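One structure is given below, encoded as structure tokens.
Chains as they are written, first to last, in my numbering: chain A, 257 to 545; chain B, 679 to 846.
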């Protein structure tokens, strides 16, 4: 399959890339890893007239800790995340999630920025970033803008990014001691989108009471979903079979999966409940050390 | 509008003028006539088109040729010199019946080349996860895994495991 003809630019600076986006207008798309965009172009589901390849722009592929924040550059690949000891130390769920994203060759190319900017609730990082309370940094002609993750996803393939803006960084608050996180997705085979996926981050105090909970759901809602009622069901309470069951029930009720080849709506809701339960247990176990 | 790109393929530098929409796999097969890189699914699933791009295994059906500008590519043809000794992986595949119809083999070997470059002593489970982006429809995975274990042992200079074929 061959994409429709397009023009290709590979700017060397962010400013140049942004001015190209303004110059070429809505017909320009940004190319990062390209592992969502190029397949869509080959199927002619996407037919941009201009591709602005941002891979030649320095300073967009980093994983670093600055004060109480971990910063991940938009061009950081899934493989780099998979092998980052810094990320796995603070957020054990990155070891869970990267292993489940596509396959090793795709992870060598696909980027975290692209995974989020694509605005697809079937992707795995949106739920992860909801659970971790991340902030997305977008850079445009007016400089940088911080977008809380809860305001980032607007609809199917739609995000808060304006035309002329480039997602440049993801910032995640470093959680306090006593925090654990976990992610799992049910998939039919390697490389498939999730039948259902759940990301959980919990902070427990010394008595085992939940001080903070973040829960994000993958591919069971038109837009990536924060399981707010489930989070509230845990916060301020000890993690017991009862509170876990309550959180699982709310998540299954509050999501809105569609029946498809991966399963019926009913099945997906049931799987959300199972995964929420398992991931709370796993995150709590990790939080206790 | 054609774009001029410079790529080094199996150690030889090429300057090419390509359409931006040209896929890397088509550049390799049709412009450079290196047909060892296969096209299986054409949808980033099967891994038959796997090559090394600056040492990293990637699926060349999902990368544009223009994205390889300035980079170095290794295909199956570039692993062993003409008539020269096989790499440990090629030898492992030969000795362990790691190829049946052979269609997935170039992709399997390039992928496993990167896997063993990072860790020449992987467990069977690490190998199976490591080649999870490569499909073999002859269901020959057992002997492929054995071939990779064999190559790892060879690279470490250890005694080679049995090459008795596995029948399942």
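Glycine included, each C-beta is placed from N, C-alpha and C at the ideal position. As the structure is a prediction and not an experimental result, all values here were calculated from the model.
So, does the CB of residue i fall closer than 9 Å to a CB anywhere in chain B?
i: residue 390(A); result: no
i: residue 286(A); result: no
i: residue 262(A); result: yes
i: residue 307(A); result: yes
i: residue 359(A); result: yes
i: residue 313(A); result: no
i: residue 291(A); result: yes
i: residue 422(A); result: no
i: residue 275(A); result: no
Under a Cβ-count criterion, where at least 16 other Cβ atoms within 10 Å of its own Cβ denotes burial, should residue i be classed as buried or exposed?
i: residue 440(A); result: buried
i: residue 784(B); result: buried
i: residue 258(A); result: exposed
i: residue 381(A); result: buried
i: residue 370(A); result: buried
i: residue 492(A); result: exposed
i: residue 685(B); result: buried
i: residue 705(B); result: buried
i: residue 799(B); result: exposed
i: residue 375(A); result: buried
i: residue 353(A); result: buried
i: residue 291(A); result: buried
i: residue 444(A); result: exposed
i: residue 415(A); result: buried
Kindly indicate which three-state DSSP category residue i falls into: helix, strand or coil?
i: residue 484(A); result: helix
i: residue 356(A); result: helix
i: residue 429(A); result: strand
i: residue 415(A); result: strand
i: residue 497(A); result: helix
i: residue 382(A); result: helix
i: residue 314(A); result: coil
i: residue 533(A); result: helix
i: residue 521(A); result: helix
i: residue 362(A); result: helix
i: residue 703(B); result: helix
i: residue 446(A); result: coil
i: residue 278(A); result: helix
i: residue 339(A); result: coil
i: residue 265(A); result: strand
i: residue 300(A); result: coil
i: residue 514(A); result: coil
i: residue 406(A); result: helix
i: residue 683(B); result: strand
i: residue 491(A); result: coil
i: residue 739(B); result: helix
i: residue 715(B); result: coil
i: residue 834(B); result: helix
i: residue 421(A); result: coil
i: residue 754(B); result: helix
Should residue i be flagged as near chain A, meaning a C-beta pair shorter than 9 Å?
i: residue 682(B); result: no
i: residue 775(B); result: no
i: residue 728(B); result: yes
i: residue 735(B); result: yes
i: residue 769(B); result: no
i: residue 826(B); result: no
i: residue 815(B); result: no
i: residue 810(B); result: yes
i: residue 710(B); result: no
i: residue 839(B); result: no
Is it the case that the Cβ atoms of residue i and residue j are separated by a distance below 9 Å?
i: residue 701(B); j: residue 741(B); result: yes
i: residue 308(A); j: residue 266(A); result: yes
i: residue 744(B); j: residue 696(B); result: yes
i: residue 490(A); j: residue 428(A); result: no
i: residue 373(A); j: residue 286(A); result: yes
i: residue 812(B); j: residue 751(B); result: no
i: residue 454(A); j: residue 474(A); result: yes
i: residue 776(B); j: residue 717(B); result: no
i: residue 767(B); j: residue 802(B); result: no
i: residue 456(A); j: residue 471(A); result: yes
i: residue 306(A); j: residue 273(A); result: no
i: residue 487(A); j: residue 469(A); result: yes
i: residue 360(A); j: residue 789(B); result: yes
i: residue 347(A); j: residue 386(A); result: no
i: residue 543(A); j: residue 528(A); result: no
i: residue 739(B); j: residue 782(B); result: no
i: residue 505(A); j: residue 515(A); result: no
i: residue 526(A); j: residue 450(A); result: no
i: residue 289(A); j: residue 333(A); result: yes
i: residue 452(A); j: residue 534(A); result: no
CB of residue i to nearest heavy atom of the ligand SAM: below 8 Å?
i: residue 748(B); result: The ligand SAM is not part of this structure, which contains no ligands at all.
Inset, instruction - Determine contact between the stretch 388 to 395 of chain A and the stretch 417 to 425 of chain A, defined as no fewer than three beta-carbon pairs at a distance below 8 Å. - result: yes
Legend entry - Cβ-based contacts, 8 Å cut-off: residues of the stretch 433 to 454 of chain A near chain E: In the structure shown, chain E does not exist; the protein chains are A and B.
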